[in-house]
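Chemist: In our numbering, the protein residues as written are 250 to 508.
Every residue, glycine too, gets a C-beta built ideally from N, C-alpha and C.
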DNA sequence: ATGGTAGACCTTCTA
């Protein structure tokens, strides 16, 4: 059972790149973030013809998340509980009906820049809602994978140049504490379970030659419940995807659980 | 040096 997470930065602009990677990696489940389109404009056909079931939670121009699965998807939840006025499409959850079912969420946490504005306050409120919902999900005591772009650099080791991120919302103490509090509910970062080396990054900015200089950060994670962590086999961070034609600024992360 | 790029979409916002 292989579960991928990838911020694709527009599924329509990136369609050929996304399909090329999907045909190579062939995950059973994929979580996409930043599809940047409404549900009706999601290019469903090429994914369905590859055998994927599809649920989409889209939005015009910005954000948007999707779940693909070779297994049936049930118990779908669109949007994060806790604020009925929140119109940003950043959370999608479903139960993957595999041999052993696993609940999977596609998460696109707010960026939060610039610090000191409503955007940063929204990020922290969103984090609190995610923590409350994760607490509820963990009570189910089932396999759970909370996958996505968390827009947080957890530790200095997760950035090539931590100094450059000192004033950024992704590296604020409040952001890092909120992420740590989420883990402390009892979730495991699959990066740690897999003992990936330092310098394993998942994002390089398009600007200023960040990729060429390897000025990356690790901000895309698959967080696992105890039941999922017990089934953990491995993690692959697809660094090579950053060198594809028309790359996303993020690369896919794939977690393997035993069947 | 406050630069640089990418996407949606229409002039500027988001990242």
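1. To the nearest angstrom, how far is the alpha carbon of residue 293 from that of residue 284?
2. Taking buried to mean at least 16 other C-beta atoms within 10 Å of its own C-beta, is residue 444 buried or exposed?
3. Which ranges does the alpha helix (DSSP H) cover as unbroken runs of at least 4 residues, wholly within the region 284 to 325, from first to last along the chain?
4. Which first and last residues belong to the alpha helix (DSSP H) in which residue 357 is found?
5. For residue 362, which residues of its own chain have a beta-carbon under 6 Å away from its beta-carbon, when the five flanking residues on both sides are left out?
6. How long is the line joining the alpha carbons of residue 502 and residue 318, rounded to whole angstroms?
7. In angstroms with no decimal places, state the Cα-to-Cα distance between residue 312 and residue 389.
8. Using only the alpha-carbon positions, how far apart do residue 397 and residue 256 sit?
9. Measuring CA to CA, which of 377, 478, 297, 298 is closest to residue 427?
10. Report the residue ranges of all beta strand (DSSP E) runs contained in full by the region 342 to 428; include only those spanning at least 3 residues, in chain order.
11. What residues in its chain sit with their C-beta under 6 Å from that of residue 345, if we drop five residues either side in the sequence?
12. Where does residue 254 fall in DSSP's three states?
Modeler: Taking the coordinates as given:
1. 12 Å
2. exposed
3. 293 to 297
4. It is not in any alpha helix (DSSP H) - residue 357 instead sits in the beta strand (DSSP E) that spans 351 to 357.
5. Taken in chain order, the residues that qualify are 418.
6. 16 Å
7. If I take the Cα positions, the gap works out to 28 Å.
8. Residue 397 and residue 256: Cα-Cα distance of roughly 7 Å.
9. 377
10. 351 to 357, 392 to 398
11. 278, 318, 320, 351, 353
12. strand
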